[in-house]
Every structure is written in C-alpha cells, then in structure tokens.
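See structure below.
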Amino acid sequence: MHAACEDRLGDLLPLLPHRFSEEELVQAVSTLIGRPIYVEARDMKGNFACGLRERYSDREVISFEINTSPLHRSQIVCHELAHILCGHKGSIRYSDIPSDDELADMIDWSVLGISARTSYEEQDEQEAELMASLIVQRMYRATVMPAKRPTAADERWNAMFT
Amino acid sequence: MIRLITLGLPALLVAAALFWIRPRRDGQARPAHSGSTITMLLAWAVAIVGFHPGVQDAADDVTRDLAKLVSNVLMLVASVSVVSWLMFLNHEQAEARRRLRPRLAFLGAAVTVMTVAFFAVPADRRWSSEFTNTHWGQAPILLHVYTLAYVLVTGHATYDCLAQTWRRSSQSPWRVHRAGLRGAAIGCFFVLLYLAYKVVNAGASIAGVELFPGGPRCTTLVTPFRCSFSFTAPLLGVLLITAGLTVPALLWPAAKLLRRRWERKTAQDLLPLWTDVTAVRPQVVLRAVVIETDPDVVLHRRVVEVCDGILDLDNHRSRAIQRMATEAVERRGQAGTATGAAIVEAAVVAAAIEAARTGARDQDDPAPQATGESARAGDLRAEALWLRSVSQQYATNDIVRTAVAVQRQAAPTATAA
Ligand SMILES: [Zn+2]
Numbered sequence: 000m001h002a003a004c005e006d007r008l009g010d011l012l013p014l015l016p017h018r019f020s021e022e023e024l025v026q027a028v029s030t031l032i033g034r035p036i037y038v039e040a041r042d043m044k045g046n047f048a049c050g051l052r053e054r055y056s057d058r059e060v061i062s063f064e065i066n067t068s069p070l071h072r073s074q075i076v077c078h079e080l081a082h083i084l085c086g087h088k089g090s091i092r093y094s095d096i097p098s099d100d101e102l103a104d105m106i107d108w109s110v111l112g113i114s115a116r117t118s119y120e121e122q123d124e125q126e127a128e129l130m131a132s133l134i135v136q137r138m139y140r141a142t143v144m145p146a147k148r149p150t151a152a153d154e155r156w157n158a159m160f161t
Numbered sequence: 000m001i002r003l004i005t006l007g008l009p010a011l012l013v014a015a016a017l018f019w020i021r022p023r024r025d026g027q028a029r030p031a032h033s034g035s036t037i038t039m040l041l042a043w044a045v046a047i048v049g050f051h052p053g054v055q056d057a058a059d060d061v062t063r064d065l066a067k068l069v070s071n072v073l074m075l076v077a078s079v080s081v082v083s084w085l086m087f088l089n090h091e092q093a094e095a096r097r098r099l100r101p102r103l104a105f106l107g108a109a110v111t112v113m114t115v116a117f118f119a120v121p122a123d124r125r126w127s128s129e130f131t132n133t134h135w136g137q138a139p140i141l142l143h144v145y146t147l148a149y150v151l152v153t154g155h156a157t158y159d160c161l162a163q164t165w166r167r168s169s170q171s172p173w174r175v176h177r178a179g180l181r182g183a184a185i186g187c188f189f190v191l192l193y194l195a196y197k198v199v200n201a202g203a204s205i206a207g208v209e210l211f212p213g214g215p216r217c218t219t220l221v222t223p224f225r226c227s228f229s230f231t232a233p234l235l236g237v238l239l240i241t242a243g244l245t246v247p248a249l250l251w252p253a254a255k256l257l258r259r260r261w262e263r264k265t266a267q268d269l270l271p272l273w274t275d276v277t278a279v280r281p282q283v284v285l286r287a288v289v290i291e292t293d294p295d296v297v298l299h300r301r302v303v304e305v306c307d308g309i310l311d312l313d314n315h316r317s318r319a320i321q322r323m324a325t326e327a328v329e330r331r332g333q334a335g336t337a338t339g340a341a342i343v344e345a346a347v348v349a350a351a352i353e354a355a356r357t358g359a360r361d362q363d364d365p366a367p368q369a370t371g372e373s374a375r376a377g378d379l380r381a382e383a384l385w386l387r388s389v390s391q392q393y394a395t396n397d398i399v400r401t402a403v404a405v406q407r408q409a410a411p412t413a414t415a416a
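These protein sequence lines are chains U and V, in that order. With numbering that gives the first Met the number 0 applied, the first sequence corresponds to residues 0 to 161, in that order. With numbering that gives the first Met the number 0 applied, the second sequence corresponds to residues 0 to 416, in that order.
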C-alpha cells in the first residue's frame, strides 16, 4: 500500500513546485484527473464525519469541517484528495443516507459515491489517510528543507547552502 | 595575523569546495549550480592566498609591484566567479552560460588593459616607487587607467552581488540563510565603499588635486586613517562575504540535527494527551499501516490523531468546565497568555475525555474548540507547539485535575440519566 501511494505521489509531485499550497495541490490533482474539484468548508458538527468527498460524473466535491485547526483542515482536505487520487469509488451511496439527515440536503442526488473520513477500518480509508499523511509530510518537509532537485531560481537560492 | 588569515580562510574555502564535490547519497544528483559554487570557492581561496606575504614578496622580487598586479587579477577573477555563481542560481544552465559570456569578455579585456598598463609603466614610476610616492599628483596616467579597469569590473560584480544577496536575504525562509545573505550584502557594501574611494582618489589625481596626501601606499605615519581604511574596508568586505556564504552551509547540518531532536522531543511531549485521547477514541489511530520511523512522520501522525480525537470529543466539551478553568486561570494572572489558553483547553479536553470514559451524556451546547494563537500559521510546527503546550498542561496542571474531578462528580452518565 505504501509503495502504491509513493508511486501516485511520484505522478503528482512533478506537477507541483517544491513548496506548494493547498490550492496548488487541488489544482494539480484536478489536472491529473481531468475534472474540476470544488473544496468547501462546512460546519459539520453533529454529522458523522469531519470530511466528505462526493464523486460525480463531471466533478468532485470535497467538504471539510470548519471547526478545527488549520493543520487538521489541511489533513482532511488531503485525505479527500487522496481518495480522488487513488480512484476510490466511495463506499456510501446517496440511498444510504437517511432522508431526515442533514447530509441528504447537502449532497446532490446525482452523486455516484461518497467517502467520509471517520475511522480507518476500511482499506480505502486506510489508504487515503496514508496518502494524505505522505502529502502533508511533503508539505512540511518543503518548509524545513530545500529542494533536492531545485528547478526554479527561488528553489536554487534556497538550496544554495546545502 | 595576516599570514593566518591568508592561509586559514583559503583552507576553509577549499574545505567548503570539497564538501560540495563530495559524493552524494543514493546517487542523488548534485544541484545544477554546484559547478559554479565550487569554482567560486576555489577562485576566492586562490585570491586570498594572493595576499599572503610570502606570495607578495616572491612576486615583488620579479619586478616592482608585480604582487599588486597578481592579487588584483586574482581578485577580478574571484569577483567574476561570484557573478557566474549568481547567474547559475538565477537562470537555467544554458541561459546562465549565455549571459556569462560578455562578462568573461569584459574580464579578459580588463586583465589585458591592466597588464599592458602595468608593464608599460617603468618600474621606477610604479606605485611603490619613490617618485610616485612623493609626486602622487604626477603619477603616470596609465596607473589610473589600470585602477579604472580594475574598479569597473570589481564594482560591477560587487554591485550585482550586493543587489541580489540583499534582495534574497528577505526572501529566504530560513533565519540562518537570511543572516548569511545579509552579511554577504554588507560585505559587498564595504567593498563598494573601498572602490568608490579608489575612483575618487584616481580622479582627483588625474585632475591634479591631491585629496589624500601621502602617496598610494601606507608608507607614512601621517595618514593612519587612510591606510587603515584602504586595508580594512576590502578585508572586512571579503571576510563578511566569505563568512556570509560559508557559515550557513556549515551550520545547516547542525540545524537539521536540532530540528530532528525537536520533532522527537515534541512527539514525546504529546504522549500524555495522545495516550488518553486515543484510549477513548481508538478509531482515530492509523494502526494498520506503519509508515516510517522518521521523527517528523511520528510527530505528524501524533498531532493529527490528537486533533481527530479532540474533534471527535466535541460533544463532550463542557462550557461549565471551560468557564471554571478560565476563572481559575484569571485568578492566577495568566488570562490572555498562551499558557492560560493551553490550561483552559487542557481542562476542557481532560473533562471531555473523562466524560467519554464514563459514558456521560452529550453536552447540549458544547464549548467551542480553542485553537492556540500559535497554531494559526497552519503548519505542523505551529500546530505541534500549541498541542504540546496543551499536553504539558494536561499532564501537570492542577486546574486540569480539578476539572476532571468536577466532571467525575457532576456529570450524570447516559445510562444513569
Ligand atoms: Zn476517507
């Protein structure tokens, strides 16, 4: 699983600078899959998850819990992006959501599959969380270490002493 | 002293060059600008050796003032090597080479002019000759042409270096780098100051004005300020540039070591909170996959799991406990401080953990989560610092212990209710 995640990261990283923001990451994943990705902050208190990914035929929608710290929000977004990167179908269907649940109002009925960040019992959830951790790790390492193969002038300047 | 500097600094520079030449681990490619960095370090090493009294005396034995020509030419090469290094940093290799070509031609022309001028002036009219020393206003014009050629090349290179190191010194993400670049920029400023002095001096001589009496060399005691300036300014400049561009590289491995130690220690400090949060919310732990044992990976997982656990305990966050802890913190005069905020958050989380452990009822109106001021930056370091302070208070503070006791006594359990 780890090796497969590293492979996927190998496809993604060349699309990104050494230091990249969440927006750039979302853009890169979107380029890779050829579909737009919409990211929304939501107050998900009372719901069963802190992150959701809705898969539609023409787009992807990611929602993350707004009532948590910035790093945690990043992790949640990366987790949902990881589902997209890994090509997970989403184990929850629209019909699985009780009609009186708030979630039913938030999600479009044409959704093909939903993934929710709750626990890591399912293999897809494990894989997405691992992948997300690898991505967030790369983001952290880029802040403390210069690029190993600097490509832009900024990166070369940052790597000049190492 | 001068012998020590003119041998010690080059040794340092050669060592730095060797460090760059070193074979890299796991076949990792050397950065594209390594070549120009190594060239620059070696060029400076040679240029500084050129100031060694032994070298100077040997050159002067050949013909009067040859030492000056030798060290000036070596300094020109060294300063153009800095330009080359800057170009390889700023541009792709092919582009850097293209831009470098006219500068090399300029260097060649300047060296030719200086050499021709030097040998065209009879030895008894050169800088250290008695005539020129006593009649500086009547010094051969070629000596001034020589100075001009030298100053143009060095000045251009130094200005390039000053402008770029200064600009980059505010952009680097690392303090050590910023300090190094700033040091190098200040060094460039001293060199420029010295060059400006040379130009003014030469210009005044051509115009027949003797601005600084006493001849071109520090031969009299009448001009101590000028002598100390014309010696100290360039030396200080070169020292600052050299130190600015080598010390950060030397400190980098130490900084890396310290960072890993910090990551390991912080992950340790998070343990009290992590252990108790994950005991009541075991589903937040990514157990199935052991990722790596790198300290940053361990720290990152621990931080995320604590965040997940705290978020998952949201329904047990008591406003009453939050109020009680806030008042206790105020009584101790810690209101509005980072520690105070960490104590309140630790108390709320501790009571929530206790509530979850005893199966207490959900709060109707849960207390909002506090995100420490320090965690706003949103990176791992900022978040870890905040959670570490929460964890430390969680493990040690008696306000937190009181909160747990209050929760234990007051809260009816879901089953009891
Ligand atoms: Zn998920």
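C-beta: ideal position from N, C-alpha, C; glycine also. Every value quoted in this text rests on a predicted model; they were computed, and no experiment measured them.
Look at Glu120 (chain U): its beta carbon is at least 7 angstroms from all of the heavy atoms in ligand 1. When the Cα atoms are used, Thr277 (chain V) and Ser68 (chain U) turn out to be separated by approximately 18 angstroms. Taken through DSSP and simplified to helix, strand or coil, Ile65 (chain U) comes out as coil. In this structure, Ser114 (chain U) has its CB closer than 7 angstroms to one or more heavy atoms of ligand 1. A Cβ-Cβ contact shorter than 8 angstroms links Arg258 (chain V) with Val143 (chain U).
Residues of chain V whose Cβ lies closer than 8 angstroms to the Cβ of Ala152 (chain U) are, in chain order, Leu88, Asn89 and His90. The C-alpha of Ala146 (chain U) lies about 21 angstroms from the C-alpha of Ser83 (chain V).
For the segment 379-400 of chain V, the residues whose beta carbon sits under 9 angstroms from a beta carbon of chain U are, in order, Leu379, Arg380, Ala381, Glu382, Ala383, Trp385 and Leu386. Around the beta carbon of Tyr139 (chain U), a 10 Å sphere encloses 16 or more other beta carbons of the protein chains shown; the residue is thus reported as buried. Residue contact check for Arg155 (chain U) against chain V: a CB pair falls below 8 angstroms. Leu256 (chain V) counts as exposed, since fewer than 16 other beta carbons sit within 10 angstroms of its beta carbon.
Between Leu234 (chain V) and Ala266 (chain V) a beta carbon distance of about 47 angstroms is seen, past the 8 angstroms cut, so the two are scored as non-contacting. Tyr93 (chain U) carries a helical assignment under DSSP once its states are collapsed to helix, strand and coil.
Residue contact with chain U for Gln408 (chain V): absent (no Cβ-Cβ distance below 8 angstroms to any residue of chain U). At least one heavy atom of ligand 1 falls within 7 angstroms of the beta-carbon of Ala127 (chain U).
Residues of chain U whose Cβ lies closer than 8 angstroms to the Cβ of Val296 (chain V) are, in chain order, Ser132 and Gln136. Taking 8 angstroms as the threshold, the shortest C-beta distance from Leu70 (chain U) to chain V falls below it. For the options V:Gly136, V:Leu238 and V:Thr36, the alpha carbon positioned closest to that of Ala184 (chain V) is the one of V:Leu238. Beta-bridge analysis with DSSP links Arg54 (chain U) to U:Glu59 and U:Gly112. Identification of residues in the segment 236-266 of chain V having a C-beta nearer than 7 angstroms to some C-beta of chain U yields Pro247, Ala248, Trp251 and Arg258, given in sequence order. Gln282 (chain V) belongs to the set of residues whose beta carbon lies under 8 angstroms from a beta carbon in chain U. For Leu129 (chain U), a Cβ of chain V is located within less than 8 angstroms of the residue's own Cβ. Residue environment analysis places Leu270 (chain V) among the exposed positions, since fewer than 16 neighbouring C-beta atoms fall within 10 angstroms of its C-beta.
Between ligand 1 and the CB of Glu262 (chain V), the shortest heavy atom gap is not smaller than 7 angstroms. Non-local C-beta neighbours of Asp159 (chain V) in its own chain, meaning closer than 8 angstroms and more than five positions away in sequence, comprise Val81, Val82 and Leu85, ordered along the chain. If only complete runs of 4 or more residues are kept, the segment 278-315 of chain V shows the alpha helix (DSSP H) at 294-311, in order along the chain. The C-beta of Arg380 (chain V) has 16 or more other C-beta atoms within 10 Å across all chains shown, which makes the residue buried. The beta carbon of Pro139 (chain V) is closer than 7 angstroms to those of Val120 and Arg124 in its chain, skipping five residues each way along the sequence. Residues Leu141, Val144 and Tyr145 of the same chain have their beta carbon placed closer than 6 angstroms to that of Ala116 (chain V), with the five preceding and five following residues left out of the count. Taking every protein chain shown into account, the CB of Gln74 (chain U) has 16 or more other CB atoms within 10 angstroms, so this residue is buried. Between Ser20 (chain U) and chain V, the shortest Cβ-Cβ separation is not below 8 angstroms. In the three-state DSSP reduction, Ala184 (chain V) falls in the helix class (H, G or I). Runs of the beta strand (DSSP E) lying entirely within the segment 7-53 of chain U, each at least 3 residues long, are 36-41 in chain order.
When Cβ pairs closer than 8 angstroms are counted between the two stretches, the segment 390-407 of chain V is seen to touch the segment 345-355 of chain V, the count reaching three or more.
By the rule that beta-carbons nearer than 8 angstroms mark a contact, Cys306 (chain V) touches chain U. Comparing C-alpha distances from Leu129 (chain U) to each of U:Cys77, U:Thr161 and U:Lys88 shows the shortest one belongs to U:Cys77.
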